[in-house]
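Below is one structure, written out as structure tokens; the observations come after it.
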Amino acid sequence: MAINTAAWLTGKHVRPLSVASAPMPDLKPGSVIVVTRALAINPVDAAIQTAGIIATDYPIVMGLDGTGIVHAVSDDVANVKVGDRVLAFTAGGTAPGGQGGTFQQYFCVDSKYVAVLPDNVKFTEGVVVTSCLTVASISLFDEKCLAFSRPLAAGQVFPNGKIVLIWAGATVVGSCAIQMAKLAGYEVWTTSSEHNFDYCKDLGAAHVFNYKRPGIVDEIVQTIDATGKSLAGAFGAHLWTANDCAQVVRRLGDSVEHTRAVGTVIPEGYGFSVPEDWPEGVKFCWLFNKSDAAEWVWREWITKALADGRMKCKPDADVVGRGLEFVQEALDRWSQGVSASKIVVEL
Ligand SMILES: NC(=O)c1ccc[n+]([C@@H]2O[C@H](COP(=O)([O-])OP(=O)(O)OC[C@H]3O[C@@H](n4cnc5c(N)ncnc54)[C@H](OP(=O)(O)O)[C@@H]3O)[C@@H](O)[C@H]2O)c1
């Protein structure tokens, strides 16, 4: 009989997390139980602990990103089987009726957000991208968001000559978005600190701008204008950077494609509102919970793209240690500030 252990957040603002026994997750229809081999820190995990946001009932087990080995699958699951190496994106510890996230030895995940992790990718590498590729695929490819054409399941797409602006290319979300947009045929323009310019270019960005420079919106607008190319849309890959994108879209006016949309990392249904200074005529795209595009990426794309090396698990994992005891240190390291890095714990 398997025994579960978790790193528990026992109350609002409580630190450190407590490592203690946990109930074994229930195998519900459409779900998969995974033995965790690596987990990663997401900004929201740190914010739940330090800022006391989102969670209302405690104790909880946080964690969106996980990799590991399939322990059990419900009868209706066909995409993975017991013993498979997998990557997975869970709803985290605060989902109503949920069974906790990945900060535990065994976690349960909706089968739509689990896929085989090819042998060429380590558990500590695959765990870098799981939630962030989901966010990027919703914003870039969902019909309700930017609705870009998708990358091919296998092989390369010809460049389509259209620019996409991805603000915050050195975030994990931005790093996934740069690669996926480029693979879908777009010319990617992005922003980062100067020390990450080469990093963004290695991922496939054609132009990188320093977001810390005064007048950065003007600079981007003028540079895009001078190319005579159209902007297909823009995506703010860090909280509230969508405002900067919206200013670029507004200023470019008619040279932006008909959608005039800006993708965001702002989730629907958590009490956020569209910023008061959001420009008229620019569409604000929420990060929707349910997304055909994200499900497609998990079902049809990610395993193949990792296996043939088109998609890289970037930025590199910064592995803090091995064992649930290291999760608090990992949260603290994220809170000290990261730059093109994903904080990971191995189990
Ligand atoms: N809803 C979900 O399931 C979900 C899942 C994952 C992520 N997210 C959200 O997506 C966002 C990104 O998450 P992440 O994990 O990818 O972030 P991250 O990697 O932890 O973000 C750190 C990076 O942010 C960049 N940055 C900070 N402010 C910036 C600005 N004003 N302009 C451009 N770049 C900026 C820094 O770039 P430089 O080092 O170059 O300065 C740094 O490398 C977060 O808001 C997160 O909450 C949501």
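Heads up: the sequence shown begins at 1 in full-length UniProt numbering, then just goes up one per residue.
In this text, a Cβ means the ideal position worked out from N, Cα and C, and glycines have one as well.
Note that the structure is predicted; figures quoted are calculated from it, not measured.
So is the beta-carbon of residue i under 7 Å away from any non-hydrogen atom of ligand 1?
i           : result
residue 382 : The chain is shown only over 1 to 347; residue 382 falls outside these bounds and no answer can be derived.
H71         : no
W298        : no
V319        : no
V135        : yes
P43         : yes
S193        : yes
L239        : yes
W189        : no
W167        : yes
N243        : no
S335        : no
S131        : yes
A6          : no
P23         : no
Y211        : yes
S139        : no
S31         : no
S339        : yes
N196        : yes
V127        : no
P159        : no
Helix, strand or coil for residue i, going by three-state DSSP, please let me know.
i    : result
W298 : helix
L126 : At residue 126 the sequence reads Gly, which differs from the Leu that was named. Three-state DSSP puts G126 in a helix.
E194 : helix
L183 : helix
T5   : strand
T51  : Note that residue 51 is Ala in the sequence shown here, rather than Thr. Coil at A51, not helix or strand.
S175 : helix
S21  : strand
T67  : strand
A170 : coil
V85  : Residue identity check: residue 85 is Arg in the sequence provided, not Val. Reduced to three states, the DSSP call for R85 is strand.
W334 : helix
L39  : strand
A115 : strand
A72  : strand
A317 : strand
Tell me, please, which residues DSSP counts as bridged to residue i.
i    : result
V322 : As written in the sequence, residue 322 is Arg, which differs from the Val given in the question. R322 is bridged to E346.
F107 : V34
P267 : L287
H207 : W189
A261 : K283
F235 : I166, G263
A136 : Paired residues: none, contrary to the question.
L216 : The sequence shown places Ile at residue 216, rather than the Leu named in the question. None, per the DSSP bridge assignment.
Does the separation of the CB atoms of residue i and residue j fall below 8 Å?
i    : j    : result
V128 : V265 : no
S139 : F235 : yes
F89  : S131 : yes
V344 : V327 : no
S341 : D316 : yes
A22  : Q104 : yes
K314 : L203 : yes
F107 : P43  : no
L347 : G323 : yes
G93  : I41  : no
A136 : C176 : yes
F148 : A95  : no
V34  : V70  : yes
G263 : L146 : yes
R150 : V116 : no
When you compare the CB of residue i with every CB in chain B, is at least one pair closer than 8 Å?
i    : result
T171 : Judged by its chain identifiers, the structure shown contains no chain B, having just a single protein chain.
Can you confirm whether the segment 97-108 touches the segment 4-23 when touching is taken to mean that 3 or more C-beta pairs between the two stretches lie within less than 8 Å? yes
Say whether the segment 107-124 touches the segment 74-89, bearing in mind that this needs 3 or more beta-carbon pairs closer than 8 Å, one atom from each stretch. yes
Taking one C-beta from the segment 179-189 and one from the segment 157-169 each time, how about it: are there three or more such pairs within less than 8 Å? yes
Would the segment 278-293 count as touching the segment 238-247 if we require 3 or more Cβ pairs under 8 Å? yes
Segment contact, 8 Å Cβ cut-off, at least three pairs: the segment 134-148 with the segment 291-299: yes
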